[in-house]
Amino acid sequence: MMVFLRSWFFRRILHGLAMYLVLVLAFSAVFNQVAEKSLRVQVDEEVVGILRSSGNLDQEAFETLRSSMLRERISRHHLDEPWISRVLWRTWSVLSFRFGQSSMLKSSTGERGVLGLIAEALPNTLLLFGTEALLVMAFGTVIGLFAARSRGGILDRALSVLPMFLKGLPSWWIGMLALMAFAYALPLFPSGGIHSNPAPTGIQGAMDLLRHLFLPLMVLVALNLWGFALQVRTIVAGLFDSPWILAARARGVGERSILFRHVLSGAKPAMLTLFVMDLLQSLSGNLLIEGIFGWPGLGNLYFIAVQQADVPVLLGVLAFQTFLNLVGLVGLDIAYRILDPRVAARDRP
Amino acid sequence: MKRFIKSRGGMTGFVLLAFLILIGLAGPLLVPFRDAGRHWHDIEYWQDSPAAVPPVWVRGPWNAGKLARSGRLQGKDPVLFESEGGGGRAVWRFMLSKEAKPMRLDLILVIGGEGKRPVLVSSVGDDGAETEVARRLFEVSVGQPARLALSLDGARALTVTEYLLPGETARDSPSIVLVGQVSGLLGTDVSKRDIFTGIVLGLRWALLLGVAVSFLTVMTGIVLGISAACWGGWVDTALNRIYEFFALMPILPFLIVLSAVYKPSLWAFAGLALLFFWTKAFKPVYSMALQIREEGYIEAGKSIGAGKMRRAFVYVLPALLPYGFAVMALSVPGIIMYEAGISMLGLGDGTVVTWGQMLHDALVQGAVINRLWWWILPPGLMIALTGITFALLGRGFERVWSPDRGSRPTGAGPSRSGT
Numbered sequence: 001m002m003v004f005l006r007s008w009f010f011r012r013i014l015h016g017l018a019m020y021l022v023l024v025l026a027f028s029a030v031f032n033q034v035a036e037k038s039l040r041v042q043v044d045e046e047v048v049g050i051l052r053s054s055g056n057l058d059q060e061a062f063e064t065l066r067s068s069m070l071r072e073r074i075s076r077h078h079l080d081e082p083w084i085s086r087v088l089w090r091t092w093s094v095l096s097f098r099f100g101q102s103s104m105l106k107s108s109t110g111e112r113g114v115l116g117l118i119a120e121a122l123p124n125t126l127l128l129f130g131t132e133a134l135l136v137m138a139f140g141t142v143i144g145l146f147a148a149r150s151r152g153g154i155l156d157r158a159l160s161v162l163p164m165f166l167k168g169l170p171s172w173w174i175g176m177l178a179l180m181a182f183a184y185a186l187p188l189f190p191s192g193g194i195h196s197n198p199a200p201t202g203i204q205g206a207m208d209l210l211r212h213l214f215l216p217l218m219v220l221v222a223l224n225l226w227g228f229a230l231q232v233r234t235i236v237a238g239l240f241d242s243p244w245i246l247a248a249r250a251r252g253v254g255e256r257s258i259l260f261r262h263v264l265s266g267a268k269p270a271m272l273t274l275f276v277m278d279l280l281q282s283l284s285g286n287l288l289i290e291g292i293f294g295w296p297g298l299g300n301l302y303f304i305a306v307q308q309a310d311v312p313v314l315l316g317v318l319a320f321q322t323f324l325n326l327v328g329l330v331g332l333d334i335a336y337r338i339l340d341p342r343v344a345a346r347d348r349p
Numbered sequence: 350m351k352r353f354i355k356s357r358g359g360m361t362g363f364v365l366l367a368f369l370i371l372i373g374l375a376g377p378l379l380v381p382f383r384d385a386g387r388h389w390h391d392i393e394y395w396q397d398s399p400a401a402v403p404p405v406w407v408r409g410p411w412n413a414g415k416l417a418r419s420g421r422l423q424g425k426d427p428v429l430f431e432s433e434g435g436g437g438r439a440v441w442r443f444m445l446s447k448e449a450k451p452m453r454l455d456l457i458l459v460i461g462g463e464g465k466r467p468v469l470v471s472s473v474g475d476d477g478a479e480t481e482v483a484r485r486l487f488e489v490s491v492g493q494p495a496r497l498a499l500s501l502d503g504a505r506a507l508t509v510t511e512y513l514l515p516g517e518t519a520r521d522s523p524s525i526v527l528v529g530q531v532s533g534l535l536g537t538d539v540s541k542r543d544i545f546t547g548i549v550l551g552l553r554w555a556l557l558l559g560v561a562v563s564f565l566t567v568m569t570g571i572v573l574g575i576s577a578a579c580w581g582g583w584v585d586t587a588l589n590r591i592y593e594f595f596a597l598m599p600i601l602p603f604l605i606v607l608s609a610v611y612k613p614s615l616w617a618f619a620g621l622a623l624l625f626f627w628t629k630a631f632k633p634v635y636s637m638a639l640q641i642r643e644e645g646y647i648e649a650g651k652s653i654g655a656g657k658m659r660r661a662f663v664y665v666l667p668a669l670l671p672y673g674f675a676v677m678a679l680s681v682p683g684i685i686m687y688e689a690g691i692s693m694l695g696l697g698d699g700t701v702v703t704w705g706q707m708l709h710d711a712l713v714q715g716a717v718i719n720r721l722w723w724w725i726l727p728p729g730l731m732i733a734l735t736g737i738t739f740a741l742l743g744r745g746f747e748r749v750w751s752p753d754r755g756s757r758p759t760g761a762g763p764s765r766s767g768t
């Protein structure tokens, strides 16, 4: 236990948590005012709702009860305390994932808890972007390897230009075009959502899901693939000249085996970094595409919450996404160290 | 040879940029609706245009009969008929273009001037026979012309007759607006706005925002990066901590929530972007400055008594400026894309016209469902074109000015290692 407490891993995790704390603190301070405003409205609605349903009250009794109930709830939510302690309370509730109630949006079961909304959306987002990152890695690696093997070839030259052109294209715009072309002009794919209504089950359900997944997935893969391939190519190009590849060639190992086993294994840690960074960047940079396709993930939550001006949902999703981002980065550091022992060796005195 | 290939992209970027700037500056002179910038959200300003029609160039010999051009005909030189007791009639004749003839024609008659104006409108058929179309008494006030919408079938010409009281002369000639099935270089949107006008007006804001924000962010990043590297100690630690803080935030989500909560103007948005984007240049500059700090000429400067400030900003800074230019150019597309994304959500600054806002309107007003491609394609293509321009420019800077520092992973070209 003591070994772990003193280990690099523990320090890295601790550092990540500390950064998260600071981020949430700043976040709570910046958004405190709007968050409190929507909380007060919610509290008032709740009280009026309770009083309305509790039978006939005359005006005076209604007002007295209302103000006393309001006062009780306001002090329960710490809204009557000084600013700094309100911010600290907010920080604490965000840290413990208590994001409160939404003001408009409801989950599929009719709940208004923001955490529930996020929990419902997260798997969909992970499905879309996880599949995207996997496909990008698979195809990007192959393309990058072949480009690196024939340096200066057509593929290689295409790789040095394509990412630059694609970087300036908003994925959501390509999504709009894809929808217009392949859902409306040629009705090959559904126009949005994650399943048909009513949702089929079994094999048909899976096919239905794939049909809905296809367009947004293809747009993301087509846009992100080339940048990934270029980076793989850059990493691998350096490895091709390394002594162990030369040794493998001398032993008479086949080109294919050299490419996929020897070169690739040397590039593994760097490629893991690429994979995680691609996933994280896509999660935050391409989230608007979910709104275009009505894909019910985190990005779509932003989309709807902006339209409905649902502040608690916006704040909750943002805090959660920051958390996700940080977990990804810390996890990446740790995984990198396990995959590439040289890093740990360098740190040792 | 290598240099030539390297600078070719940069030169293309330069030419494209010059072209974009030229259009951006000359914008108001190029567009058919000159004060559209102030009236973009003004329904009355656009009332004479057709709604959601494609560009004029979709017209070909095969569909010319179905698609009439939009346009405006100004009435000139009326024929006057004087009555015996004074007053009389003033008759304007509008020849309708042959190509519009076979089809039903929608038009708006615009009558200016002032006061009560009795007007008779007749259509002239192929045989020259006149048929009365409308007879109205218009109450026209100065600056607010009266409008009458009409539909004609198979008319060759249109006559507008104004009845004059004794002592009156014809005052302001009427004009007719042809509401066609095609309009302008890029068509119109559902709110009848001219898309070409919007594209040209949006260019200015995209360039201004992109260039201003990238310049400021990169300069901030450079200055802070050099400060951290050259001062060391607590400055180093503090700046790197602040860097870490901002670098860990997911930028787009933060910008979305900030924009949703505070509804910033374009300039406030620029300020927000500054807060997030300076981190892009900070880290590379920091590590480069750490190396440059150790170089001989800096040591030499130190030995002749150059202070920290002088060493940092007179000796180190110039060595990093070329890199700074490259980063500036390369970060413009991102900034334009972020603004477009925020505007696409409907959180843009309503006082200006941006491509993102055009795409927002397109999205919420059903351009995708109704396949109004001329509304969706141009704004995105312009975002892409601007992006490519600055990307080319950035790579040009990277390669020509500092070939040895251009080997960042994303900018690596073919055959850098080996040969």
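Residue numbers (the working numbering), protein chains in the order written: chain A, 1 to 349; chain B, 350 to 768. Just so it is clear, CB atoms sit at the ideal spot from N, CA and C, and this is done for glycine as well. All figures in this text were calculated on a predicted structure; none of them were measured in a lab.
Inset, instruction - Kindly list the residues whose CB is nearer than 7 angstroms to the CB of B:Ala638, restricted to its own chain and excluding five residues on each side of it in sequence; keep chain order. - result: The answer, listed in chain order, is Gly574, Ile575, Ala578, Cys579, Val665 and Leu669.
Inset, instruction - Please confirm if A:Asn224 has its CB atom under 8 angstroms from at least one CB of chain B. - result: Under the Cβ distance rule, A:Asn224 does not count among the residues neighbouring chain B, no pair being separated by less than 8 angstroms.
Legend entry - Cβ pair B:Ala678, B:Leu604 closer than 8 angstroms: It is not a contact, given that the beta carbons lie outside the stated cut-off.
Inset, instruction - Could you say which of A:Leu272, A:Ala319 and A:Leu259 lies nearest to A:Ala148 if we only look at CA atoms? - result: Checking every option, the nearest Cα to that of A:Ala148 belongs to A:Leu259.
Inset, instruction - Determine, using beta carbons only, whether A:Asn124 comes closer than 8 angstroms to chain B. - result: No, no contact with chain B.
Legend entry - Collapsed DSSP secondary structure at B:Ala495 in the structure displayed: B:Ala495: strand per DSSP, three-state reduction.
Legend entry - Residue burial classification, B:Ala675 (beta-carbon count within 10 angstroms, cutoff 16): By the neighbour-count rule (16 or more Cβ atoms within 10 Å), B:Ala675 is buried.
Inset, instruction - Spatial neighbours of A:Thr131 within its chain, please: CB distance less than 8 angstroms, with the 5 preceding and 5 following residues excluded, ordered by chain position. - result: Here the set comprises Leu213 and Leu217.
Inset, instruction - For B:Ile600, count neighbouring C-beta atoms within 10 Å of its own C-beta (all shown protein chains included) and say buried if the count is 16 or more, exposed if not. - result: Burial check for B:Ile600: the Cβ neighbour count within 10 Å reaches 16 or more, so the residue is buried.
Inset, instruction - Kindly list the residues whose CB is nearer than 6 angstroms to the CB of A:Ile338, restricted to its own chain and excluding five residues on each side of it in sequence; keep chain order. - result: Closer than 6 angstroms at Cβ, skipping near neighbours: no residue.
Legend entry - CB contact flag (B:Leu513, B:Val470, <8 angstroms): Result no, Cβ atoms of B:Leu513 and B:Val470 do not sit closer than 8 angstroms.
Inset, instruction - Below 8 angstroms on the Cβ atoms is my guess for B:Ile732 versus A:Pro170; work out the distance and round it to an integer in Å. - result: Right, their Cβ atoms sit about 6 angstroms apart.
Legend entry - Helix, strand or coil at B:Lys450 according to DSSP, with G and I counted as helix: Only weak support is given to the placement of B:Lys450: the predicted model assigns it a pLDDT of 49, under 50, and the value that follows is read from those uncertain coordinates. Coil, per DSSP.
Inset, instruction - Determine the chain B residues that contact A:Phe146 at a beta-carbon separation under 9 angstroms, and present them in chain order. - result: Those do not exist, as A:Phe146 stays about 13 angstroms from chain B at its closest Cβ, beyond 9 angstroms.
Legend entry - Cutoff 8 angstroms: A:Tyr184 Cβ touching any chain B Cβ: Among the residues facing chain B, A:Tyr184 is included, as its CB has a counterpart in that chain under 8 angstroms away.
Legend entry - Burial state of A:Trp244, where buried means 16 or more other Cβ atoms lie within 10 Å: Classification for A:Trp244: exposed.
Inset, instruction - Specify the secondary structure class of B:Val440 as computed by DSSP and reduced to three states. - result: In this structure, B:Val440 counts as strand in the three-state DSSP scheme.
Legend entry - Inter-residue CB distance, B:Leu597 and A:Met19 (contact presumed, cutoff 8 angstroms): Correct: roughly 6 angstroms between the Cβ atoms.
Inset, instruction - Would you tell me roughly how many angstroms separate the C-alpha atoms of A:Arg6 and A:Arg12, rounded to the nearest one? - result: Their backbone Cα atoms lie some 11 angstroms apart in a straight line.
Inset, instruction - Would you verify that the beta carbon of B:Ala617 is, or is not, closer than 8 angstroms to some beta carbon of chain A? - result: It does not: the Cβ of B:Ala617 has no partner Cβ on chain A nearer than 8 angstroms.
Inset, instruction - Counting only the same chain and skipping the five closest in sequence on each side, list residues whose C-beta sits under 8 angstroms from that of A:Ala199. - result: Cβ within range, chain order: Gly205 and Asp208.
Inset, instruction - Have a look at B:Glu488 and B:Leu507 and give me their C-alpha separation to the nearest angstrom. - result: Rounded to whole angstroms, the separation of the alpha carbons of B:Leu507 and B:Glu488 is 22 angstroms.
Inset, instruction - Pick helix, strand or coil for A:Phe97, following the three-state DSSP scheme. - result: In this structure, A:Phe97 counts as coil in the three-state DSSP scheme.
Legend entry - Spatial neighbours of B:Thr628 in its chain, beta-carbon cut-off 6 angstroms, leaving aside the 5 residues before and after: If we look at B:Thr628 and ignore the five residues flanking it on each side, its Cβ neighbours are Tyr592, Phe595 and Ala596.
Legend entry - Bridge-paired residues (DSSP) for B:Asp455: Looking at the DSSP assignment, B:Asp455 forms a beta bridge with B:Ser500 and B:Val528.
Inset, instruction - Give the interface partners of A:Asn325 over in chain B, defined as CB-CB distance under 7 angstroms, in chain order. - result: Those are Leu597 and Pro599, listed as they occur along chain B.
Legend entry - chain A within 8 angstroms of B:Ile605, Cβ atoms only: Between B:Ile605 and chain A, the shortest Cβ-Cβ separation is below 8 angstroms.
Legend entry - A:Met176 at chain B interface by Cβ criterion, 8 angstroms: Yes, A:Met176 lies at the interface with chain B (some Cβ there is under 8 angstroms from its Cβ).
Inset, instruction - Have a look at B:Glu747, B:Leu734 and B:Asp698 and flag the residue whose alpha-carbon is nearest the alpha-carbon of B:Ala367. - result: Selection B:Glu747, B:Leu734 and B:Asp698 evaluated against B:Ala367 yields B:Leu734 as nearest (Cα-Cα).
Inset, instruction - Taking B:Val526 as the reference, give the member of B:Pro602, B:Glu517 and B:Ala495 with the closest Cα. - result: Comparing Cα positions, the closest option is B:Ala495.
Inset, instruction - Could you name the residues of the same chain whose beta carbon sits closer than 6 angstroms to that of A:Gly16, not counting the 5 residues immediately before and after it, in chain order? - result: Only Leu326 and Val330 meet the Cβ criterion.
Inset, instruction - Return no unless some Cβ of chain A is closer than 8 angstroms to the Cβ of B:Ile718. - result: It does; some Cβ of chain A falls within 8 angstroms.
Inset, instruction - Determine, using beta carbons only, whether B:Leu712 comes closer than 8 angstroms to chain A. - result: Chain A, which has a Cβ nearer than 8 angstroms to the Cβ of B:Leu712, makes this yes.
Legend entry - One or two residues paired with B:Val428 in a DSSP bridge: Per DSSP, B:Val440.
Legend entry - Where B:Leu365 meets chain A, residues with beta-carbon distance less than 8 angstroms: Those do not exist, as B:Leu365 stays about 12 angstroms from chain A at its closest Cβ, beyond 8 angstroms.
Inset, instruction - For B:Trp411, count neighbouring Cβ atoms within 10 angstroms of its own Cβ and tell me buried if that reaches 16, exposed if not. - result: Counting Cβ neighbours within 10 Å, B:Trp411 comes out exposed, since fewer than 16 surround it.
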